[in-house]
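In what follows, a structure is listed as structure tokens, so that the remarks can point back to it.
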Amino acid sequence: MSSEDQKPEGVTPSRRRFVNTLSTVAAGVAASAAAVPALAQQAAGGNQPAPGAAREAAKRYPRPPFPKQDQPWPALASKMTPRPDHGETTYRGSGRLAGRKALITGGDSGIGRAAAIAYAREGADVAIGYLPAEEPDAREVMQLIRDAGRKAVAIPGDIRDEAFCKKLVETAVRELGGLDILVNNAARQQNNNSILDITSEQFDWTIKTNVYAVFWISKAAIPHMSAGSVIINTSSQTAYDPPEKLLDYAATKAFEVAFTKSLAKQMASKGIRVNAVAPGPVWTPLQLAGGNSPEGREKFGEDTPMKRPGQPAELAAVFVTLASDESSYTTGHVYGVAGGGGQP
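Once you know that position 262 of the sequence shown is 262 in the UniProt record's numbering, the rest is easy, because the numbers rise by one and skip nothing.
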């Protein structure tokens with residue numbers, strides 16, 4: 001034992017011991033600091049774009065006029081010109097949703113696909129619902145989720161069917177081992193000049209997809225959710241400023257705003273948060289499968305202050321933020337992402 005160790009109590013430690021202690025503490029802090037990014041990267045998956053990729057991509061996002069194009073319903077992102085950016089090469093995660101389990105309807109393309117990619121790169125396991133005709137797009141998303149090191153679950157079917165909506169939730173819960181994030185994103189949108197052009201069959205199709213399915217899926221999911229869980233509904237700026245040619249669609253998006261605010265009040269005591277996102281014009285397959293007129297597609301987004309449509313990837317961060325624990329005091333709110341136009 002050294003003479004320093006034999007000093008009586010109350011005697012100030014020597015400079016050597018003080019320096020040695022500081023060195024030990026500093027080494028521990030440095031090791032912990034080095035481990036944090038590694039852990040975050042592991043939680044988010046190791047396949048990440050370089051920092052700044054999203055900023056550079058935004059500088060090059062396409063502006064109208066767009067090429068003339070048309071697709072049958074429901075349309076595929078893989079056949080769009082130009083192809084939308086869902087964050088495939090731009091979204092970089094940081095472990096904000098590590099260990100979470102998410103179900104996203106309409107997760108094969110558009111905003112739902114962007115959310116699926118972002119959630120996986122933030123560390124969540126993801127199940128997506130989609131129509132069987134959208135299988136080519138869905139396969140791409142499945143691979144992107146797996147590339148992020150997360151579990152991917154594909155559940156094809158038609159959400160106009162209540163039985164399938166229940167099966168959708170049950171399958172997601174079983175395959176993921178639980179459920180704590182639900183994104184009601186799938187939608188039907190058709191452009192019509194007049195109410196006289198909308199058949200009862202068409203109206204029913206839109207209402208079943210955009211209203212009934214949101215109700216059925218949320219109702220089926222809530223019993224599986226605990227405090228800290230989240231429901232996010234994709235509404236639209238058309239809920240606040242409805243275009244004359246999207247009569248039925250805009251009405252359903254207004255429903256989703258009211259549904260979100262009311263359900264948020266019901267779920268607050270259970271610790272389940274409910275919010276919505278209201279996008280402006282976003283470059284998705286909806287526009288090419290009857291959601292816009294041929295003339296409207298060519299100049300899509302030019303009436304926004306940014307003079308272009310948004311890309312799905314530009315909404316991903318909002319869906320991540322609303323799903324993350326950082327938004328623990330946010331419920332019953334509607335977040336607008338509209339390029340400077342629209343409401344809220």
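Just so you know, even glycine gets a beta-carbon here, dropped at the ideal spot from N, CA and C.
In this text the structure is predicted, and so the values were computed from the model without any measurement.
*Is the CB of T206 under 8 Å away from at least one CB in chain D?*
As a matter of chain content, chain D is missing from the structure shown, which is built from one protein chain.
*Using beta-carbon positions only, say whether A116 and V320 come within less than 8 Å of one another.*
By one-based count along the sequence shown, residue 116 stands at place 116. By one-based count along the sequence shown, residue 320 stands at place 320. No; because the gap between Cβ atoms is not below 8 Å, this pair is not in contact.
_By DSSP's criteria, T234 is part of a beta bridge. Which residues make up the other side?_
In the sequence shown, the residue the question calls residue 234 occupies position 234. According to DSSP, T234 bridges with V277.
_Contact check, P312 vs V282, beta carbons under 8 Å_ = Position 312 of the sequence shown, counted from the first residue, corresponds to residue 312. Position 282 of the sequence shown, counted from the first residue, corresponds to residue 282. Against a cut-off of 8 Å, the Cβ pair of V282 and P312 comes out as a contact.
*Taking the alpha-carbon positions, what's the A58 to G87 distance?*
Residue mapping note: residue 58 aligns to position 58 of the sequence shown, counting from 1. Residue mapping note: residue 87 aligns to position 87 of the sequence shown, counting from 1. Answer to the nearest angstrom: the Cα atoms are 11 Å apart.
*Under three-state DSSP, which class holds D85?*
Here residue 85 corresponds to residue number 85 of the sequence shown, with the count starting at 1. Residue state, collapsed to three classes: coil.
_I'd like the span of the beta strand (DSSP E) that includes T156, first residue to last._
The residue given as residue 156 occupies position 156 in the sequence shown. Note that residue 156 is Pro in the sequence shown here, rather than Thr. Segment A152 to P156, the beta strand (DSSP E) holding P156.
_So the candidates are N292, L322 and K79; which of them puts its Cα closest to the Cα of N191?_
Residue 191 sits at position 191 when you count from the first residue of the sequence shown. With distances taken between Cα atoms, N191 lies closest to N292.
*Expressed to the nearest angstrom, what Euclidean distance is found between the alpha-carbon atoms of P82 and V318?*
Residue numbering aside, residue 82 sits at position 82 when the sequence shown is read from its first letter. Residue numbering aside, residue 318 sits at position 318 when the sequence shown is read from its first letter. Roughly 24 Å between the two C-alpha positions.
*Please report the residue range of the alpha helix (DSSP H) in which L176 lies.*
By one-based count along the sequence shown, residue 176 stands at place 176. Per DSSP, L176 belongs to the alpha helix (DSSP H) from E162 to L176.
*In three-state terms, what does DSSP make of residue 348?*
Any question about residue 348 goes unanswered here, given that the chain covers just 1 to 344.
_Could you check whether the stretch 177 to 188 touches the stretch 96 to 107, counting it as contact only if at least three pairs of C-beta atoms, one from each stretch, sit closer than 8 Å?_
yes
*For G342, name the three-state secondary structure that DSSP assigns.*
Position 342 of the sequence shown, counted from the first residue, corresponds to residue 342. Coil at G342, not helix or strand.
_8 Å Cβ cutoff met for I155 and A127_ = The sequence position of residue 155 within the sequence shown is 155, counting from 1. The sequence position of residue 127 within the sequence shown is 127, counting from 1. Yes, the Cβ-Cβ distance between I155 and A127 is below 8 Å.
*Based on the DSSP output, what are the partners of V337 in its beta bridges?*
Your numbering for residue 337 matches position 337 in the sequence shown. P279, per the DSSP bridge assignment.
_Checking the sheet assignment: what are the DSSP bridge partners for N184?_
Stepping through the sequence shown from its first residue, residue 184 is reached at position 184. The partner list for N184 (beta bridge, DSSP) reads N233.
*Nearest-angstrom Cα distance between F215 and V274?*
The sequence position of residue 215 within the sequence shown is 215, counting from 1. The sequence position of residue 274 within the sequence shown is 274, counting from 1. Each residue's alpha carbon lies about 13 Å from the other.
*Go ahead and label D241 buried or exposed: buried means 16 or more other beta carbons lie within 10 angstroms of its beta carbon, across all protein chains shown.*
Taking the sequence shown and counting its residues from 1, one reaches residue 241 at position 241. Exposed.
*Taking Cβ to Cβ, would you say A276 is nearer than 8 Å to N233?*
The count along the sequence shown starts at 1 and reaches residue 276 at position 276. The count along the sequence shown starts at 1 and reaches residue 233 at position 233. Taking 8 Å as the Cβ cut-off, A276 and N233 qualify as a contacting pair.
*Span separating the alpha-carbon of Y130 from that of A75*: Residue mapping note: residue 130 aligns to position 130 of the sequence shown, counting from 1. Residue mapping note: residue 75 aligns to position 75 of the sequence shown, counting from 1. C-alpha separation (whole angstroms): 12 Å.
_Quick check: the Cα distance between E326 and R96, rounded to an integer number of angstroms?_
Locating residue 326 in the sequence shown gives position 326, where the first residue counts as 1. Locating residue 96 in the sequence shown gives position 96, where the first residue counts as 1. So the alpha carbons of these two residues sit roughly 9 Å apart.
_For L247, which residues in the same chain have their Cβ closer than 8 Å to its Cβ, ignoring the five residues on either side in sequence?_
As a working note, residue 247 is residue 247 in the sequence shown. Result list for L247: N192, I195 and I198, in chain order.
*Does the separation of the CB atoms of R146 and A152 fall below 8 Å?*
As a working note, residue 146 is residue 146 in the sequence shown. As a working note, residue 152 is residue 152 in the sequence shown. Yes, the pair counts as a contact, with Cβ atoms nearer than the cut-off.
*Reference A102; option with closest CA among E122, F300, S200 and K68*: By 1-based counting over the sequence shown, the position of residue 102 is 102. Out of E122, F300, S200 and K68, E122 has the C-alpha closest to the C-alpha of A102.
_For R150 and V173, the rounded distance between their alpha carbons_ = By one-based count along the sequence shown, residue 173 stands at place 173. By one-based count along the sequence shown, residue 150 stands at place 150. Going from the Cα of V173 to the Cα of R150 covers about 15 Å.
*If Q189 and G336 are in contact, beta carbons under 8 Å, what's the gap, nearest whole angstrom?*
Mapped onto the sequence shown, residue 189 falls at position 189. Mapped onto the sequence shown, residue 336 falls at position 336. With 8 Å as the limit, Q189 and G336 do not qualify as a contact, their Cβ atoms being about 18 Å apart.
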